[in-house]
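Right, one structure below, let's go through it.
There are 4 protein chains.
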Amino acid sequence: MERQARREQVLRHAKRIFARKGYHRTNIADIIARARIARGTFYLYFENKRDLFEELLEQVLGELRLRIQRLRIGPAEPEPVEQLRNNLKRVLNFLLAERELTDILLHHATGFDPEIDNRIGEFYERVADQIQRSLDLGIQMQLVRDCDSRAAAYCIVGGIKEVVGQASRHRRRDIGILAEEILQFGLRGVARPELLAGLPHKADVAGRSLPRN
Amino acid sequence: MERQARREQVLRHAKRIFARKGYHRTNIADIIARARIARGTFYLYFENKRDLFEELLEQVLGELRLRIQRLRIGPAEPEPVEQLRNNLKRVLNFLLAERELTDILLHHATGFDPEIDNRIGEFYERVADQIQRSLDLGIQMQLVRDCDSRAAAYCIVGGIKEVVGQASRHRRRDIGILAEEILQFGLRGVARPELLAGLPHKADVAGRSLPRN
Amino acid sequence: MERQARREQVLRHAKRIFARKGYHRTNIADIIARARIARGTFYLYFENKRDLFEELLEQVLGELRLRIQRLRIGPAEPEPVEQLRNNLKRVLNFLLAERELTDILLHHATGFDPEIDNRIGEFYERVADQIQRSLDLGIQMQLVRDCDSRAAAYCIVGGIKEVVGQASRHRRRDIGILAEEILQFGLRGVARPELLAGLPHKADVAGRSLPRN
Amino acid sequence: MERQARREQVLRHAKRIFARKGYHRTNIADIIARARIARGTFYLYFENKRDLFEELLEQVLGELRLRIQRLRIGPAEPEPVEQLRNNLKRVLNFLLAERELTDILLHHATGFDPEIDNRIGEFYERVADQIQRSLDLGIQMQLVRDCDSRAAAYCIVGGIKEVVGQASRHRRRDIGILAEEILQFGLRGVARPELLAGLPHKADVAGRSLPRN
DNA sequence: GATGAATGAGTCTTCATTCAT
DNA sequence: GATGAATGAAGACTCATTCAT
């Protein structure tokens, strides 16, 4: 536990620095200076710089995996749309609370190590898989229009990434509103038009979710 | 002109390597070996490694800027949706033809240099601006439902990025279909529902635009 | 005494590791892991890594010093050749019983510390001195041919070292035979030829002392 | 050629330092300071410290291999003993001319790297093989007494190593005399006694080959 | 006495950039 | 213009030793 506490202390500082400077411009010297530990101490807790980085990455990916739940169908379960909304809210809540991890995931984790690239690519593929399955189900149930559900899944994933990336920069944001905007956009993007006829144009919430730029 | 030819020769080789290995794992040694020039010669044509990289980046960004045209309204102009479709096709055509540049832009250009990050961020902002302006116009014209047009713009940008990123990996793709899928998704995501009632569920084209995974 | 027991426990383990990996590739971590003591405990019993190593070295050198006895001349003493034979047997017995120490002495003690180099060099010089003195005496007594007794002494020392080094590797060996081979070789190498006329070509023992390779 | 000249310059300096301080106490900084080159330059010519060291080692071993020639029997060939003498002289000439390499081989090359240990062990084994073959032949021809030719071979190898090691320290030496001493010792150590009856006790040369200590 | 977390000096190695030819 | 040998700053990692508990 002592050990774990120390690791977390270092992880906390490193997270900050990685988010600000990226992987390569962050050096061990930066990290140990911030964490106020000796060089050797660092290597007591982490195998090397990359190991530490991967741990941070695993933190985000792991947490996101937990927060994205498979749609459950059943009499006791909430409406599918409600479940989607909850997934989205859980994800946004985490990402906007942990801006540094978000920044690491979206801007600093990619392109310098094939294995890490793979891990992240894999993660998004799994997310896209889940979305696609939901869409395919929706097509069967005549809720979703006939479309390339894989392409649509990627559109949705990409949309979320981009919005989160922007929202994360501009600190602040009502997450409920933001989730609703994304949700509406995504739902309408794939829904059978006849089902939309009655829907309000906009979620009945006040305020803008993103600054007008 | 001789000079420019030489530069382009080097750029062409460097593009390949950067796409495959990213910025940091690509050495000057790699580049000059491929381009079959001497080390000193490299610095005759480029200020430094970063300069070369930025030039490649500027190639993509510049080309994309050219291909994304402002919506024009006028009697002689094509329908707005047609203009959007054309923008999208032009963009996809380029990105899927220039996979290496696409890879550089989407996976390797980010996170190692604040100035480059800014340049790219700026580019996407400008794209989002354009989309947002169109959406706002659409709202005025009662074509687009009331929504956070900034958030919607980001959704659209993100969706395109993600789909292109995936399509770029899986080499091949009918660009017309792909563009149509994205377009439909985006249009429906923001359109006033009553306008969609008559629309077909799907563009009248055969084949899947992305592999089912 | 308790203290001494603990030291010996550590020495025993360290001996093993030093023999296998040499001085530099052996870490304190290796030693304490084997000896199942804490890092700090190590320094309670030994000044430092080198101190421990020197102690092992002193074990071999000390033991060898004890086993190499000066030739005594007198009516009650065994024949000089018998005394040489006994010296040799005592030395071989120890070295082949303590392979790890032998390995340390012959292969791992040299070249990384001038002081240790000196200590070992000094030891061999003393041994050579003794041999040389015997040879000089033998010359006086007309038993040994006129030769450079120093050079001969080194030949003998070197021969023993090499044979032991090899024998130590190939585990096993009848020490009596081995001693006899070395002894015969050395004696004949320096003896006045006329004294050899009657000697058997070979000690009257069965079996080969070293594998034929 | 230019390249080779540079390599040799560095090798020459490194040889000096390795001989004086051994492998581990010699660091790249020492070498480049002596060779008056920049740190990076070193790595232009050698893969790493070990690579450089191995090259020096290969220099000695290679040269020795060349100088130790197989005994040839034939009407036009010199007497076998003369051939042995020549081998010995060639080896001593080299080793005593190249004291630094000798020191590296005998005192600094062993114990820090299993692969290098093997290479050297292998070398001595090959030398011992050659000696053993000569001895076995001598036994057949009734020149060599019945003995364990492997053990005798090791005695001879070890003797040479030790004498060279000592001679190398005490700088200076008449190599002819030294070779003769070793040769006589070795020959007599294995010769059939009846053949020695007529031999002089000592080569007919003046002077001591080694200092009396 | 025993522990093991913490220390930081010491080294190797890489690689973008320069410059004499 | 072209070359490629030379440079040296930068940075990662190891490991013997110490010391507070």
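Protein chains in written order, with numbering that gives the first Met the number 0: chain A, 0 to 212; chain B, 0 to 212; chain C, 0 to 212; chain D, 0 to 212.
Glycine is no exception: its CB is placed at the ideal position from the N, C-alpha and C atoms.
Listed by position along chain D, the residues whose Cβ is nearer than 9 Å to that of C:K160 are G157, K160, E161. Boundaries cannot be given for C:P77, as no alpha helix (DSSP H) includes it and DSSP labels it neither H nor E. Cβ atoms of A:E180 and B:A190 stay farther apart than 8 Å, at about 15 Å. Nearest neighbour of A:I176 by Cα position, chosen from A:K14, A:L87, A:Y22, A:G21, turns out to be A:L87. Collapsing the DSSP output to three states places C:A108 in coil.
If you look at C:L136, you'll find it in the alpha helix (DSSP H) that goes 113–139. Of all alpha-carbon atoms in A:F111, A:D102, A:I103, the one lying nearest the alpha-carbon of B:H106 is that of A:F111. Contact between the segment 121–130 of chain B and the segment 26–44 of chain A is not established, with fewer than three Cβ pairs separated by less than 8 Å. When secondary structure is reduced to three states using DSSP, B:A151 falls in the helix class. Within chain D, the residues whose beta carbon sits less than 7 Å from that of C:L195 are P192, L195, listed in sequence order.
Those residues of the segment 167–185 of chain B placed with their C-beta closer than 8 Å to a C-beta in chain A are I176, L177, E180, I181, Q183, F184, G185, ordered along the chain. When 7 Å is used as the limit between beta carbons, A:R15 is near no residue of chain B, the shortest such separation being about 15 Å. Contact check for A:V163 against A:L91 passes: the beta carbons are separated by less than 8 Å. Counting along the chain, the unbroken alpha helix (DSSP H) around B:T101 starts and ends at 98–102.
With 16 or more other Cβ atoms from the protein chains shown falling within 10 Å of its own Cβ, C:I155 counts as buried.
DSSP places B:A37 in the coil class of the three-state scheme, outside both helix and strand. The segment 50–62 of chain D makes contact with the segment 92–105 of chain D, as at least three CB pairs between them are under 8 Å.
Residue environment for A:Q141: exposed (fewer than 16 other C-beta atoms within 10 angstroms of its C-beta).
Its Cα nearest to that of A:R125, the residue A:R69 stands out among A:R69, A:H23, A:E7, A:I27. If you ignore the 5 residues before and after C:I67, its C-beta comes within less than 8 Å of the C-beta of N86, R89, V90, V126, Q129, all in its own chain and listed in chain order. Boundaries of the alpha helix (DSSP H) harbouring D:H12: 1–24, taken from the DSSP string. Around A:A28, no beta-carbon contact reaches into chain B at under 9 Å, the shortest distance being about 18 Å.
If you draw a 10 Å sphere on the C-beta of B:G73, you find fewer than 16 other C-beta atoms in it, and that means exposed. Taking the Cβ atoms as the reference, A:I138 lies roughly 7 Å from A:S148, within the contact range of under 8 Å. In this structure D:P113 is exposed. Its beta-carbon is surrounded by fewer than 16 other beta-carbon atoms within 10 angstroms. The Cβ-Cβ distance between D:Q82 and C:Y153 does not fall below 8 Å.
Of the residues assessed, A:Q3 falls on the exposed side of the cut-off, its CB having fewer than 16 other CB atoms within 10 angstroms.
Contact between B:C146 and A:Q183 holds: their C-beta atoms lie close to 7 Å from each other, under 8 Å. Among the bridge pairs identified by DSSP, D:V143 is matched with D:A190. At least 8 Å separates the CB of C:R69 from every CB of chain D. Under the three-state reduction of DSSP output, D:R168 falls in the helix class. Under the Cβ distance rule, D:G188 counts among the residues neighbouring chain C, one pair being separated by less than 8 Å.
Judged by DSSP secondary structure, D:F45 falls outside any alpha helix (DSSP H); it is assigned neither H nor E.
Distances from the alpha-carbon of C:R144 to those of C:D116, C:I119, C:E193 put C:E193 closest. Close to B:G21, with beta-carbon spacing below 7 Å, are these residues of chain A in chain order: G110, F111.
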